[in-house]
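If you're matching positions, the sequence shown starts at 1 in full-length UniProt numbering and goes up one per residue.
Cβ coordinates follow ideal geometry from the N, Cα and C atoms, glycine included.
This structure is a prediction, so every number in the text was calculated from the model and none was measured.
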Amino acid sequence: MYGNDFSAPGEAPGEAPRPRPATADEPVSFAAVIADDGRVEPRDEMPEGYRRTLVRQIAQHAHSEIIGMQPEGNWISRAPSLRRKAILMAKVQDEAGHGLYLYAAAETLGADRADLLDQLHSGRQKYSSIFNYPTLTWADVGAIGWLVDGAAIVNQVPLCRCSYGPYARAMVRVCKEESFHQRQGFEILHTLSHGTAEQKAMAQDAVDRYWWPSLMMFGPPDDDSPNSAQSMAWGIKRFSNDDLRQRFVDMTVPQAEALGLTLPDPEIRWNEERGHYDFGDIDFTELFEVIKGNGPCNAQRLAHRVKAHDDGAWVREAASAYAAKQSARSEGAA
Ligand code: BYC
Numbered sequence: 001m002y003g004n005d006f007s008a009p010g011e012a013p014g015e016a017p018r019p020r021p022a023t024a025d026e027p028v029s030f031a032a033v034i035a036d037d038g039r040v041e042p043r044d045e046m047p048e049g050y051r052r053t054l055v056r057q058i059a060q061h062a063h064s065e066i067i068g069m070q071p072e073g074n075w076i077s078r079a080p081s082l083r084r085k086a087i088l089m090a091k092v093q094d095e096a097g098h099g100l101y102l103y104a105a106a107e108t109l110g111a112d113r114a115d116l117l118d119q120l121h122s123g124r125q126k127y128s129s130i131f132n133y134p135t136l137t138w139a140d141v142g143a144i145g146w147l148v149d150g151a152a153i154v155n156q157v158p159l160c161r162c163s164y165g166p167y168a169r170a171m172v173r174v175c176k177e178e179s180f181h182q183r184q185g186f187e188i189l190h191t192l193s194h195g196t197a198e199q200k201a202m203a204q205d206a207v208d209r210y211w212w213p214s215l216m217m218f219g220p221p222d223d224d225s226p227n228s229a230q231s232m233a234w235g236i237k238r239f240s241n242d243d244l245r246q247r248f249v250d251m252t253v254p255q256a257e258a259l260g261l262t263l264p265d266p267e268i269r270w271n272e273e274r275g276h277y278d279f280g281d282i283d284f285t286e287l288f289e290v291i292k293g294n295g296p297c298n299a300q301r302l303a304h305r306v307k308a309h310d311d312g313a314w315v316r317e318a319a320s321a322y323a324a325k326q327s328a329r330s331e332g333a334a
């Protein structure tokens, strides 16, 4: 529907990436697996830098999923109908599930989940910039589903082919769920944009505010992305930040036309020669400010997250006590 093809460029089945030669600091078997486009599994030997890069990216990704529950969670009690409320609750719950798969994937690399959460809570690990923007109206829930989940899918479909097996496998299910999320956002905006003049204006306002931050989700431009080259050589990232951003613009422009909404960039136009849409310059100083903690909602998001964690301490304690009792019982029986 409306060009909703989430396969990323070069995603044709069977296409193998270019072989990469072994280097002195990579164990031969690891280099061979990577060169062969195979999967690295938890017990395989891997360079420390590869492990560290994966823990960094997977942890940030997990943190984004659980912090990402907040902007939309803000509208669960105010959704305009019972149907909308049920759908939104299911979506927000899916994001918690994505966080769980991802923390579990990080644990296969030897990371400790409590330590990762501690790093999030103390600001030592990042989460996606996009969740530091407020959700001011119901239409923002539509814009997040359409644009934010749409951007997430474009970024994450290639991660289904990530060289690290547990991360790649987690992404398959996540992407299926994100597809549903993107459709529900599109449908909310479609309903609003075909409703009253006020509803249409609300939808347009949400798109105006979320468009540029959605483009920033893909990260800094390629020539200012310190991690990309190594992550691509290791088969963690399959495409560069700019390539994925372009792919997102190409997918989204026809969808905006179908919605009857305008993207807030007068420079968007089809470039016949490139076979892509041109678009205006992104203000990356805004991205770097938000990443540094100076976005509109950074403090609020982290404070809410820390409070939820503290309030849930009794659940974790009860679960640990129950698990200890069960294992003592089964040891006793044995
Ligand atoms: N926000 O060298 P670069 C979702 C950081 S959740 C914050 O290009 P890399 C959803 C970057 O970490 C979607 N920080 O880095 C959930 C790095 O800092 P460090 C989340 C950013 O890793 C709920 C530095 O800038 N998706 O969809 O090669 C509801 C330099 O960047 C951002 C993922 O996490 C940013 N936007 O590439 C609805 C996908 N961009 O770590 C929806 C997995 C960059 O060196 N992650 N930084 O201190 C990735 O694909 C990659 O990590 C990125 C960045 C493309 C994000």
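With a threshold of 8 Å, establish whether the CB of Ala35 neighbours any heavy atom of the ligand BYC.
-> no
Give every residue of the same chain whose Cβ lies closer than 6 Å to the Cβ of Asn155, excluding the five residues on either side of it in the sequence, and list them in chain order.
-> Leu244
Within 10 angstroms of the Cβ of Tyr322, are there 16 or more other Cβ atoms? Answer buried if so, exposed if not.
-> exposed
Within 8 Å: the Cβ of Lys237 and any heavy atom of the ligand BYC?
-> yes
What are the partner residues of Arg124, as DSSP defines its beta bridges?
-> None, per the DSSP bridge assignment.
Helix, strand or coil at Ala323 [DSSP, three-state] = Ala323: helix per DSSP, three-state reduction.
For Arg56, which three-state DSSP category applies?
-> helix
With a 10 Å radius around its C-beta and 16 neighbouring C-beta atoms as the bar for buried, classify residue 338 as buried or exposed.
-> An answer regarding residue 338 cannot be provided, because it is not within the stretch 1 to 334 covered by the chain.
For Val40, which three-state DSSP category applies?
-> strand
Own chain residues within Cβ distance below 7 Å of Ile58, not counting five before or after | Leu102, Ala105, Ala106 and Tyr167
Examine the ligand BYC and report whether any of its heavy atoms sits within less than 8 Å of the Cβ of Asp208.
-> no
Simplified DSSP state of Tyr164, which is helix, strand or coil | strand
Under 8 Å from any heavy atom of the ligand BYC, does the C-beta of Ile130 make it?
-> yes
Supposed close pair Ala151, Phe239 - CB separation, criterion 8 Å = Not quite, the Cβ-Cβ distance comes to about 13 Å (not below 8 Å), so this is no contact.
Measuring only between beta-carbons, confirm whether Phe239 sits less than 9 Å from chain C.
-> No chain C appears in this structure, which consists of one protein chain only.
Nearest to Ala206 by alpha carbon, out of Met171, Val157 and Asp140?
-> Asp140
Straight-line CA distance for residue 340 to Ser320?
-> An answer regarding residue 340 cannot be provided, because it is not within the stretch 1 to 334 covered by the chain.
Could you give the uninterrupted runs of the alpha helix (DSSP H) lying entirely in the segment 211-247, keeping only those of 4 residues or more?
-> 228-233
Check whether the Cβ atoms of Asp242 and Pro264 sit closer than 9 Å, and answer yes or no.
-> No, these two residues do not count as a Cβ contact at 9 Å.
Please go through the same chain and pick out, in chain order, the residues whose beta-carbon is closer than 7 Å to the beta-carbon of Asn294, but skip the five residues on each side of it.
-> none
Whole angstroms is fine: what's the gap from Val148's alpha carbon to Tyr277's?
-> Roughly 19 Å between the two C-alpha positions.
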